[in-house]
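Notes follow the structure.
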Amino acid sequence: MSEAIATCSFEDFLEAEQLADRRHELVGGRVYAMAGGSERHDLIAGLTYELVAPEARSRGCRPFISNRLVRTMSGNAYYPDVFVACGGAPHRLYESSPVLVVEFLSRSTADLDRREKAVGYAASESLSLLLLVDPDARRIEAARPAAGKIGAWAAYGPGDVVATEFGDIDVDTLYDVIDRTATTR
717 MSEAIATCSF
727 EDFLEAEQLA
737 DRRHELVGGR
747 VYAMAGGSER
757 HDLIAGLTYE
767 LVAPEARSRG
777 CRPFISNRLV
787 RTMSGNAYYP
797 DVFVACGGAP
807 HRLYESSPVL
817 VVEFLSRSTA
827 DLDRREKAVG
837 YAASESLSLL
847 LLVDPDARRI
857 EAARPAAGKI
867 GAWAAYGPGD
877 VVATEFGDID
887 VDTLYDVIDR
897 TATTR
């Protein structure tokens, strides 16, 4: 005898999320609570947002940090750490056409970010760059999806610069600021 697994529609998830005390993500119809970030995670997310936001705005796009949902083609819903959307929003509570997505890795989510989320985000025809940033090591992984798929990844480290359409990210400069600012490891 098989056991039924409770699932949730996107519409029900969206309604519940508006009332929730903490954020959740929707994956395959199942709701998952999100964990909090480390000091370095939050600092590097904020700095990355500060780097891309001015150019995004100058191009008529909208930069977001942590609190805006992205609904993927499969119907999953995630809160990217930083992302940029251009054009109109399909709904007041979420976006569906990100141009740039940046996720900051943690020990508990790195595999999920590299597999499930990367595939979900890449399915969006609008996505031109996906960055996975390690807050603890000078490493940024980049994918430039095409036709809804990721063909290859590139890794950037010390001495490298990651080119984005919203400004370049100098790896050393980014991590130097975080290393000077963070009070914990």
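For the numbering used here, count along the sequence shown from 1 and bump the result up by 716. Using N, Cα and C, we set each Cβ at its ideal position, and we do this for glycine too.
> Among Phe882, Arg854, Ser842 and Val887, which has the Cα closest to the Cα of Lys865?
Replying inline: The option with the nearest alpha carbon to Lys865 is Ser842.
> Measuring CA to CA, which of Ala751, Val815 and Tyr748 is closest to Gly776?
Replying inline: Cα-wise, what sits closest to Gly776 is Val815.
> Given Leu742, which residues of its chain have a CB within under 7 angstroms of its CB, disregarding the five upstream and five downstream residues?
Replying inline: So the list reads Cys724, Phe726, Phe729, Asn792 and Ala793, once near-sequence residues are dropped.
> Under the three-state reduction of DSSP, which class applies to Asp758: helix, strand or coil?
Replying inline: DSSP, reduced to helix, strand and coil, places Asp758 within a helical segment of the structure shown.
>> Please list the terminal residues of the continuous beta strand (DSSP E) segment that includes Phe882.
In response: For Phe882, there is no enclosing beta strand (DSSP E), as DSSP gives it neither H nor E.
>> If you follow the beta strand (DSSP E) that Leu845 is in, where does it begin and where does it stop?
In response: Element bounds for Leu845: Leu845 to Asp850.
> Within 8 angstroms (strictly less), CB to CB, does Asp829 reach chain C?
Replying inline: Annotation note: the requested chain C is absent from the structure, which comprises a single protein chain.
> Mind pulling the alpha helix (DSSP H) runs of 4 or more residues that sit fully within the region 740-817?
Replying inline: Whole alpha helix (DSSP H) segments, 4+ residues: 755-774.
> If you follow the alpha helix (DSSP H) that Glu727 is part of, which residue opens it and which one closes it?
Replying inline: Taken as a continuous stretch (DSSP letters only), the alpha helix (DSSP H) holding Glu727 covers Phe726 to Leu735.
>> Quick check on the DSSP output: the alpha helix (DSSP H) that includes Ala871 runs from which residue to which?
In response: Counting along the chain, Ala871 sits inside no alpha helix (DSSP H); it lies in the beta strand (DSSP E) bounded by residues Trp869 to Tyr872.
> In the structure shown, what three-state DSSP assignment does Ile912 receive?
Replying inline: Only positions 717 to 901 of the chain appear in this structure, which leaves residue 912 out of reach.
> Can you give the beta carbon distance from Val817 to Tyr837, rounded, assuming they're within the 8 angstroms contact cut?
Replying inline: Confirmed, about 5 angstroms.
>> Can you tell me whether Ala826 is helix, strand or coil according to DSSP?
In response: Note: Ala826 maps to helix in three-state DSSP.
> Among Ala772, Glu766, Ser824 and Phe820, which one has its Cα closest to the Cα of Arg855?
Replying inline: The shortest C-alpha separation from Arg855 is found at Phe820.
> Quick one: what's got a C-beta closer than 6 angstroms to Asp850's C-beta in the same chain, skipping five residues either side?
Replying inline: Cβ contact annotation for Asp850 (same chain, cutoff 6 angstroms, sequence separation greater than five): Leu821, in chain order.
> On the three-state DSSP scale, how would you describe Arg831?
Replying inline: In this structure, Arg831 counts as helix in the three-state DSSP scheme.
> Expressed to the nearest angstrom, what Euclidean distance is found between the alpha-carbon atoms of Ser812 and Ser840?
Replying inline: Ser812 and Ser840 have their C-alpha atoms spaced approximately 8 angstroms apart.
> So, helix, strand or coil for Ala838, using DSSP?
Replying inline: It is helical.
>> Alpha carbons only, please: which of Glu731, Thr825, Leu828 and Asp852 is nearest the one belonging to His807?
In response: It is Glu731 whose Cα lies nearest to the Cα of His807.
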